[in-house]
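Protein sequences appear in the order of chains U, Y, S and A. So in our numbering the end of the first sequence lands on 306, straight run, no missing numbers. So in our numbering the end of the second sequence lands on 306, straight run, no missing numbers. So in our numbering the end of the third sequence lands on 294, straight run, no missing numbers. So in our numbering the end of the fourth sequence lands on 294, straight run, no missing numbers. Glycine included, every Cβ here is placed at the ideal spot set by N, Cα and C.
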Amino acid sequence: MDSKVTTIDEAISTHVQHGDVVALQNMATQAAPMAAVRELIRQEKRGLGVVVLVGGIAVDWLSFAGVMDRLIGAAVTMEQFGLCQRYRKAVESGRVRVEELSETALNARLGAGARNLPYLPTRGLIGTDLIRQNPDNLRLVEDPFGGPAVVACRALVPDVALVHAHRVDPEGNVQYKPTTLWPDIGIFPKAARKVIVTAEEIVPSDILRRSPDRTVLPGFVVDAVVEVPYGAHPTSFFPEYRYDSDFHLAWAKVSRDDGAAQDFLDKHVLSPRSQAEYLSAAGGAAMMSRLRGEEGA
Amino acid sequence: MDSKVTTIDEAISTHVQHGDVVALQNMATQAAPMAAVRELIRQEKRGLGVVVLVGGIAVDWLSFAGVMDRLIGAAVTMEQFGLCQRYRKAVESGRVRVEELSETALNARLGAGARNLPYLPTRGLIGTDLIRQNPDNLRLVEDPFGGPAVVACRALVPDVALVHAHRVDPEGNVQYKPTTLWPDIGIFPKAARKVIVTAEEIVPSDILRRSPDRTVLPGFVVDAVVEVPYGAHPTSFFPEYRYDSDFHLAWAKVSRDDGAAQDFLDKHVLSPRSQAEYLSAAGGAAMMSRLRGEEGA
Amino acid sequence: MSGKAHQDARHYTVDELMISVLSSFFEDGDQACNGMASFLPVCAFMLARLTHAPGLVWLASATGLEPRPAKVPASTLESELWSDSVMYMEQYGDFWNYAMNGRWLQKFCVGAAQLDMYGNANNSVIGADFHAPKVRLPGTAGLGDMGSLGKLLYYWNPNHSPRSLVEKVDFVSAAGYLGGGDEREDLGLTGGPQAVVTNLAVLDFEPESKRMRLRSAHRGVTVDDIRAATGFELVIPTDVPTTPEPTDDQVRLIREVIDPDGMRKREFRAS
Amino acid sequence: MSGKAHQDARHYTVDELMISVLSSFFEDGDQACNGMASFLPVCAFMLARLTHAPGLVWLASATGLEPRPAKVPASTLESELWSDSVMYMEQYGDFWNYAMNGRWLQKFCVGAAQLDMYGNANNSVIGADFHAPKVRLPGTAGLGDMGSLGKLLYYWNPNHSPRSLVEKVDFVSAAGYLGGGDEREDLGLTGGPQAVVTNLAVLDFEPESKRMRLRSAHRGVTVDDIRAATGFELVIPTDVPTTPEPTDDQVRLIREVIDPDGMRKREFRAS
Numbered sequence: 010m011d012s013k014v015t016t017i018d019e020a021i022s023t024h025v026q027h028g029d030v031v032a033l034q035n036m037a038t039q040a041a042p043m044a045a046v047r048e049l050i051r052q053e054k055r056g057l058g059v060v061v062l063v064g065g066i067a068v069d070w071l072s073f074a075g076v077m078d079r080l081i082g083a084a085v086t087m088e089q090f091g092l093c094q095r096y097r098k099a100v101e102s103g104r105v106r107v108e109e110l111s112e113t114a115l116n117a118r119l120g121a122g123a124r125n126l127p128y129l130p131t132r133g134l135i136g137t138d139l140i141r142q143n144p145d146n147l148r149l150v151e152d153p154f155g156g157p158a159v160v161a162c163r164a165l166v167p168d169v170a171l172v173h174a175h176r177v178d179p180e181g182n183v184q185y186k187p188t189t190l191w192p193d194i195g196i197f198p199k200a201a202r203k204v205i206v207t208a209e210e211i212v213p214s215d216i217l218r219r220s221p222d223r224t225v226l227p228g229f230v231v232d233a234v235v236e237v238p239y240g241a242h243p244t245s246f247f248p249e250y251r252y253d254s255d256f257h258l259a260w261a262k263v264s265r266d267d268g269a270a271q272d273f274l275d276k277h278v279l280s281p282r283s284q285a286e287y288l289s290a291a292g293g294a295a296m297m298s299r300l301r302g303e304e305g306a
Numbered sequence: 010m011d012s013k014v015t016t017i018d019e020a021i022s023t024h025v026q027h028g029d030v031v032a033l034q035n036m037a038t039q040a041a042p043m044a045a046v047r048e049l050i051r052q053e054k055r056g057l058g059v060v061v062l063v064g065g066i067a068v069d070w071l072s073f074a075g076v077m078d079r080l081i082g083a084a085v086t087m088e089q090f091g092l093c094q095r096y097r098k099a100v101e102s103g104r105v106r107v108e109e110l111s112e113t114a115l116n117a118r119l120g121a122g123a124r125n126l127p128y129l130p131t132r133g134l135i136g137t138d139l140i141r142q143n144p145d146n147l148r149l150v151e152d153p154f155g156g157p158a159v160v161a162c163r164a165l166v167p168d169v170a171l172v173h174a175h176r177v178d179p180e181g182n183v184q185y186k187p188t189t190l191w192p193d194i195g196i197f198p199k200a201a202r203k204v205i206v207t208a209e210e211i212v213p214s215d216i217l218r219r220s221p222d223r224t225v226l227p228g229f230v231v232d233a234v235v236e237v238p239y240g241a242h243p244t245s246f247f248p249e250y251r252y253d254s255d256f257h258l259a260w261a262k263v264s265r266d267d268g269a270a271q272d273f274l275d276k277h278v279l280s281p282r283s284q285a286e287y288l289s290a291a292g293g294a295a296m297m298s299r300l301r302g303e304e305g306a
Numbered sequence: 024m025s026g027k028a029h030q031d032a033r034h035y036t037v038d039e040l041m042i043s044v045l046s047s048f049f050e051d052g053d054q055a056c057n058g059m060a061s062f063l064p065v066c067a068f069m070l071a072r073l074t075h076a077p078g079l080v081w082l083a084s085a086t087g088l089e090p091r092p093a094k095v096p097a098s099t100l101e102s103e104l105w106s107d108s109v110m111y112m113e114q115y116g117d118f119w120n121y122a123m124n125g126r127w128l129q130k131f132c133v134g135a136a137q138l139d140m141y142g143n144a145n146n147s148v149i150g151a152d153f154h155a156p157k158v159r160l161p162g163t164a165g166l167g168d169m170g171s172l173g174k175l176l177y178y179w180n181p182n183h184s185p186r187s188l189v190e191k192v193d194f195v196s197a198a199g200y201l202g203g204g205d206e207r208e209d210l211g212l213t214g215g216p217q218a219v220v221t222n223l224a225v226l227d228f229e230p231e232s233k234r235m236r237l238r239s240a241h242r243g244v245t246v247d248d249i250r251a252a253t254g255f256e257l258v259i260p261t262d263v264p265t266t267p268e269p270t271d272d273q274v275r276l277i278r279e280v281i282d283p284d285g286m287r288k289r290e291f292r293a294s
Numbered sequence: 024m025s026g027k028a029h030q031d032a033r034h035y036t037v038d039e040l041m042i043s044v045l046s047s048f049f050e051d052g053d054q055a056c057n058g059m060a061s062f063l064p065v066c067a068f069m070l071a072r073l074t075h076a077p078g079l080v081w082l083a084s085a086t087g088l089e090p091r092p093a094k095v096p097a098s099t100l101e102s103e104l105w106s107d108s109v110m111y112m113e114q115y116g117d118f119w120n121y122a123m124n125g126r127w128l129q130k131f132c133v134g135a136a137q138l139d140m141y142g143n144a145n146n147s148v149i150g151a152d153f154h155a156p157k158v159r160l161p162g163t164a165g166l167g168d169m170g171s172l173g174k175l176l177y178y179w180n181p182n183h184s185p186r187s188l189v190e191k192v193d194f195v196s197a198a199g200y201l202g203g204g205d206e207r208e209d210l211g212l213t214g215g216p217q218a219v220v221t222n223l224a225v226l227d228f229e230p231e232s233k234r235m236r237l238r239s240a241h242r243g244v245t246v247d248d249i250r251a252a253t254g255f256e257l258v259i260p261t262d263v264p265t266t267p268e269p270t271d272d273q274v275r276l277i278r279e280v281i282d283p284d285g286m287r288k289r290e291f292r293a294s
C-alpha cells in the first residue's frame, strides 16, 4: 500500500505516452479532469485518441492544440455555449478522425474491455449508418437462441483513464459526495489499463472508512493520485461548484479566431505554472466564490 | 403516483400465480424477503420456479412445502448451518429440477432480461459441464471479431421479484441504509416483470429526497409495497439485525425428519396470522434485541 | 394584413404553442427523460405534470427522478434541474438497464439537425464524406439508441426549413422508418417516430407508407407555407385542422412558473 | 509410537499448518477475496497481511475492501468480517467488472467437494444423473467462473481422502486442466489450479501432463499414507520434502489475534 500521491506533471509524464487512447471523464460542461487536460497540452502530447461520452471544452482545446488525432465518443458540444468550433474544424479538415458511437455502443465497448470479453451486444443503433461506418468495431450478429440479431460491440481498452473526484486517499480509493454520478465513473476507469485520479482533496483512508458505501473505485486499479482543488474548472463539479459561464463564453467568443484562441490558451493553459496560478488567471477568489455561491452549496 | 401500499397477503395473491418464475433476493443466511416466502407457502402456491444467487432456508422451506418445482441459481446452502436438507431431498428424488448457473452466467441471463437483449456473454464456465447440461440457455458462440469464443447466456425474465429493503415510499422508491448491497438488488428486480417490495418501514417520499443517492430502485418498476418489520428474519439484514442462529440451528436439527419439520413449519409459517405473531413465536422482543445487540448496531 | 394583426393578438408565442402540443403527448404513467439542450421537452414535461398528467414520471437529465426544480435553469444538464429528486440514477449501470427495455421510459422527446421524409434523424455530419464532412454536428449521443430500442419518439424542430426537413438525411444517426413501408419492422424494430412538432406545424407519419404527413397547421400558417418550408413532398390530407392552441392557464404556467427566465426561447433563431 | 509422541510435541495443529502454507501463496500487491464458509482462506489472508504481505489487498466476501475485523467471526459472509472497510463493492455491477478481468483479483483460495487428477472441481452433484443425483451439493456459485477466468486457484481440503480426491469428478463445476496436457490452453483459458493444500500434504500440478503431483508431505505423514488417501495415482517425485511448518509467531497470531474463537476448526471432521 505505497502512496500513489504525485504531481500532475509527474502523473501525466509517467502514465500517458504519445499515441495513447485516453478515456476522459466529461459531459458537455460537467466534471472534466481539466487540470489533467491542460497538462496533456503543456507536455505537448501527440497522436492521442480521446474517449468521451460527451466531450466539451476539453476536446475543443485538445483538438486545437494538436494533442489528439481521433475521437471515440457519442457527442461533442458545449451545450448552451455552442458547438466546439476547434474540434469541428479539425474534423472537417480531416485532421481529427471520429469513431462515433451511440451511448449503449460506447458503454458496451468499454464494458467488454473492463470484463475481458471480446464484445458486448446492444440492440441500440440497429438500422443506423453508424454500424456500416464502423465495421472494425460494430458487427450485426445472429442470436444463437433464434431471437433477434444484436450489434456486437468490440472491446475497447483505453491506455489510461483520467478522472476527477471529490476525494481520494493516498492508495487511490475514490469517493464522490452525494451527487449524480456521470457514466464515466461507472465504466471508464474500469476498462482502462491505467487510471490517474485528480481530486478536490486527498484525505486519509480513515475518512473514507466512515462511509465505505460512497467509495466508487478501489485503490487497486488506480496508478496516480493528485490533489487539485477546482480541478474541474471551468466545468461544473456538483455539489461543489457550477460551470463557469463567463469562462465558457469567453472561449466560445475567441475560439473561431486562430490568434485569439492561441492567446486564450497561452493565458489559461501554457502560462500558469500551477493550479493556483491557473485559478488566479481565471478570476481567483471572486470567481471561486461566485461558482460555489450560485450552486447554493 | 397512486400508493402501492398493500398487505403481504394481497401482494402475493395479486402478483404471484401458480407456475411463475420468482426471483428471490437471498444469500446463504442474508437478506431474504422471508415474510413474502412464508406467504407463498400459506397461499399454497404451486409449480414455482425460484431464481436465487445463493438460496438458504427460504429455498429449503419452499422445497419442503411443495411450492417450487425448479430452481435457477448458483448455489443453495445455509453456510455454517449446513446444506438445505429438504431441498437436497427434493432434488435427489427428482421432484425439484435444478438449472445450475455460475454467478456470471446468472447475472448475464438476468442482465439480458433487464436490457431486452436476447443474451449476454460471459467467459466464465468455459470447460465446465454446466454448458453441456444446459443447451437451452447456454451456448458457446464465436467472437465475430476473431477473438476467443464466449458463452451466450439466454435472457431470463422472471415473472416477479421479491425483495426486502430498509425503507420504501408509497410509490415504491426503494432505499437501503449504508451497507453492502447483495447482487440481487443490482439486477433481480430490474429483470422481472413485476416487483414486490417488503421493507422494514414505509416512509414519505420527502424522507427519501434527503438522500436521493441512496435510492436503488425507482418506484416506476415496483408493483406492491408492504411494511414488514424484521421482514428478513431469520436471515440477517445489515445493519439492522444479524441472522438468528438459534432459529437456523432449530430448523437444521428438525429438518431431516418429516414430522418434526412439518411441526416447525406449522408453528412458524402456517399458524402465525401476522408478522407480530410470527415474531412472537420466534422469540419476540428478547430475540429482536439479541439480534440487534449482537450486531453492535 | 388582417392575418398579421390576428397573429399579433395571440395570447401565446410559438414556443409556448409547441410546448403545449408536446405536453399533450405525455400522460399519467408514462416515463419521460431529457438530455442536454432540451428546454422545450423539459417545459413540456413540467407543463404536463402541472396540468393533465400529474403522474407523468420524469427522470431529469436521465439522472434525477421526480425532481422539484424551482424553474427551468440555464442548462438542462445541470444540478438545479434535478434538485430535490427522490433518486439519483447512475447512468452506466442503472439508467440503461431501464432505457434499453421497451417497458420503461417508452417516450422520448428530442431534436435533430436533420429529419427526413421517413423520420430518420441526423445529428452526425452534413456532407457525403464522414471523415471530412462539410459540417461536423455534435453526434448521435443517446438518440442512436433510442431510435432502435422500441421507443416512441417525439421530435421538436424550432426552424422548419428545407435544410432541417430533407428528403434523405446525409447520415442516419437514429433510425426512423428507414426506407419506409415495413423496412423498420422487418429489422425487428418496434416503436419509432410518432410526431414532429415544428414552429409551423405538427407532422406525423402515414401508417402504411410511413411517409411524413401534415397533421395540423399552426394558426396563421398556410399549407403552402408548410410545403415551401419542407424539403420533400409531405403527405397532405384533404382537411388540415388548425393546431390546438395553448390555454390561458398553460401560457401562464409556462411564463410564470415553469420558465420565467425564458430559456425556452434560446432554441429559436432571432427573427 | 515415537512418531506419535513426536506429533504430540508439535507447537501447531494441522489447521494452523494449512493456514500457514496457504498464506505463503499470497503476496504484496495480490488481491484476494473470500466467499462463504471460507475460514481457512480468511485466516490465511489475515495472516499474510500481518506477516510477509502487508500490502495484500483483501476484498472480504467480495464486498468489503481492506476491512479491519477484530477477529474471524462465525460466518465468512457476514458484516463483522467487513467491518471498517474502505469500500463496499456492489456485486452485480461492480465486483464482476474486476473479477472477470484477469488483471485484478488474480488469486482465489477455495474448497471443493471433489477434485480430480487434473484439478477439475465438483461442487454440484455426486452421481451420474444430474437431475436425480445421489447427493445434491451446494452448487458451483462463483467457482464455475473463477475456473475459466484466468485466475490462479489455490484449493484447500481438510479431509484428504479417495472420496474427495478422485480420478474423475462426477461433474465439472469448475475447470481445472480438463483432460490434462494442453486441453485447457486449447480452449483459450489461462491460469488454473496451482496447488491443493490438504490435511496430509501439499499438491501441485506437473507442468507438462498437468497431473496432480505431490509437492510436500506434512511432518509425520508418509508418502504411502498420502497414496492410500488419494483416489488416483499421484505423480510422486524422487525427493518429497516436508511441508514447511508454521513459525511460533504465525501460530500465536492465528490463535490469539486472528481466530481466538477457533472458527478455523469447524471445517475439520471430528477425529
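message: Taking DSSP's pairing of strands, which residues face S/G215 in a bridge?
response: Locating residue 215 of chain S in the third sequence gives position 192, counting from the first residue. Note: S/G215 sits in a beta bridge opposite S/L175.
- request: Kindly indicate which three-state DSSP category A/C66 falls into: helix, strand or coil?
  value: The residue you call residue 66 of chain A lines up with position 43 of the fourth sequence. Here A/C66 sits in helix by DSSP.
- request: Go ahead and label Y/G293 buried or exposed: buried means 16 or more other beta carbons lie within 10 angstroms of its beta carbon, across all protein chains shown.
  value: As a first step, residue 293 of chain Y must be located in the second sequence, where it is residue number 284. Exposed, since its Cβ has fewer than 16 Cβ neighbours within 10 Å.
message: What does the alpha-carbon distance come out to for the pair S/P92 and S/A76?
response: One-based indexing of the third sequence puts residue 92 of chain S at position 69. One-based indexing of the third sequence puts residue 76 of chain S at position 53. So the two alpha carbons sit approximately 17 Å from each other.
query: If we count the other Cβ atoms within 10 Å of its Cβ and call it buried at 16 or more, is A/G26 buried or exposed?
result: Numbered from 1 along the fourth sequence, position 3 holds the residue referred to as residue 26 of chain A. Confidence is the limiting factor: at A/G26 the pLDDT is only 41, short of 50, which leaves the residue's position unreliable, though a coordinate-based value still follows. When all chains shown are included, A/G26 counts as exposed.
Status (buried if at least 16 other CB within 10 Å, exposed otherwise) for A/S294: As a first step, residue 294 of chain A must be located in the fourth sequence, where it is residue number 271. Unreliable placement is indicated for A/S294, whose pLDDT of 40 sits below 50; no coordinate value is reported for it.
field: Buried or exposed (CB count within 10 angstroms, at least 16 for buried), Y/S285
entry: Residue 285 of chain Y sits at position 276 when you count from the first residue of the second sequence. Inspection of the sequence shows that residue 285 of chain Y is occupied by Ala rather than by Ser. When all chains shown are included, Y/A285 counts as exposed.
query: Where do the N-terminal and C-terminal ends of the alpha helix (DSSP H) with U/T15 fall, by residue?
result: Counting from 1 along the first sequence, the entry for residue 15 of chain U is found at position 6. Where U/T15 is concerned, there is no enclosing alpha helix (DSSP H), given that its DSSP letter is neither H nor E.
query: For U/L147, which of helix, strand or coil comes out of DSSP?
result: In the first sequence, residue 147 of chain U corresponds to position 138, counting from 1. Reduced to three states, the DSSP call for U/L147 is strand.
task: Verify whether the separation of the beta carbon atoms of S/S98 and U/E88 is less than 8 Å.
output: Translated into the one-based positions of the third sequence, residue 98 of chain S becomes position 75. Translated into the one-based positions of the first sequence, residue 88 of chain U becomes position 79. Their beta carbons are under 8 Å apart, which means S/S98 touches U/E88 by this criterion.
message: 8 Å is my cut-off, CB to CB: does Y/S298 come that close to chain A?
response: Translated into the one-based positions of the second sequence, residue 298 of chain Y becomes position 289. Output row for Y/S298: interface = no.
query: Would S/D282 count as contacting chain U if we go by Cβ distances under 8 Å?
result: Taking the third sequence and counting its residues from 1, the one referred to as residue 282 of chain S is at position 259. No - not a single Cβ of chain U is within 8 Å of the one on S/D282.
task: Return the first residue and the last residue of the alpha helix (DSSP H) that U/S72 is part of.
output: Within the first sequence, numbered from 1, the residue matching residue 72 of chain U stands at position 63. Note, U/S72: alpha helix (DSSP H), 66-73.
- prompt: Bridge partners of Y/K199, per DSSP?
  reply: Position 190 of the second sequence holds residue 199 of chain Y. Its beta-bridge partners do not exist; DSSP assigns none.
message: So if I threshold CB-CB distances at 7 Å, which residues from the region 180-196 of chain S count as touching chain U?
response: F194, V195, S196
- request: Count the other CB atoms, across all protein chains shown, that sit within 10 Å of the CB of S/E279; report buried if there are 16 or more and exposed otherwise.
  value: Here residue 279 of chain S refers to the residue found at position 256 when the third sequence is read from its first residue. Burial call: exposed.
query: Between the Cα of U/D255 and the Cα atoms of U/D266, U/L49, U/H242, which residue gives the shortest distance?
result: The residue given as residue 255 of chain U occupies position 246 in the first sequence. When each option's Cα is compared against that of U/D255, the closest is U/H242.
query: For A/K157, which three-state DSSP category applies?
result: For the purposes of this step, residue 157 of chain A is identified with residue 134 of the fourth sequence, where counting begins at 1. Here A/K157 sits in coil by DSSP.
- request: Tell me where the beta strand (DSSP E) around Y/M77 begins and ends.
  value: One-based indexing of the second sequence puts residue 77 of chain Y at position 68. Start and end: 77-85.
message: Is there a C-beta anywhere in chain A that falls below 8 Å from the one on U/N375?
response: Absent from the structure is residue 375 of chain U, since the part of chain U shown begins at 10 and ends at 306.
task: For Y/L129, go through chain A and note every residue whose CB falls closer than 8 Å to its CB, in chain order.
output: Your numbering for residue 129 of chain Y matches position 120 in the second sequence. Chain A residues near Y/L129: none, gap ~12 Å exceeds 8 Å.
Exposure of U/L217, with buried meaning 16 or more beta-carbon neighbours within 10 Å: As a first step, residue 217 of chain U is located in the first sequence; it is residue number 208 there, counting from the start. Looking at its Cβ environment, which holds 16 or more other Cβ atoms inside 10 Å, U/L217 is buried.
field: Residues of the region 93-123 of chain A whose Cβ lies closer than 7 Å to any Cβ of chain Y, in chain order
entry: A97, S98, L100, E101, S102, W105, Y111, E113, Q114, Y115, G116, W119, M123
query: Mind checking Y/L279: buried by the 16 CB within 10 Å criterion, or exposed?
result: Counted from its first residue, the second sequence places residue 279 of chain Y at position 270. The residue is exposed, with fewer than 16 neighbouring Cβ atoms inside 10 Å.
- request: Drop a sphere of 10 angstroms on the beta-carbon of A/E39, count the other beta-carbons inside from all chains shown, and report buried for 16 or more, exposed for fewer.
  value: As a working mapping, residue 39 of chain A is identified with position 16 in the fourth sequence. Looking at its Cβ environment, which holds 16 or more other Cβ atoms inside 10 Å, A/E39 is buried.
message: To the nearest angstrom, how far is the alpha carbon of S/P264 from that of S/L175?
response: Residue mapping note: residue 264 of chain S aligns to position 241 of the third sequence, counting from 1. Residue mapping note: residue 175 of chain S aligns to position 152 of the third sequence, counting from 1. So the two alpha carbons sit approximately 23 Å from each other.
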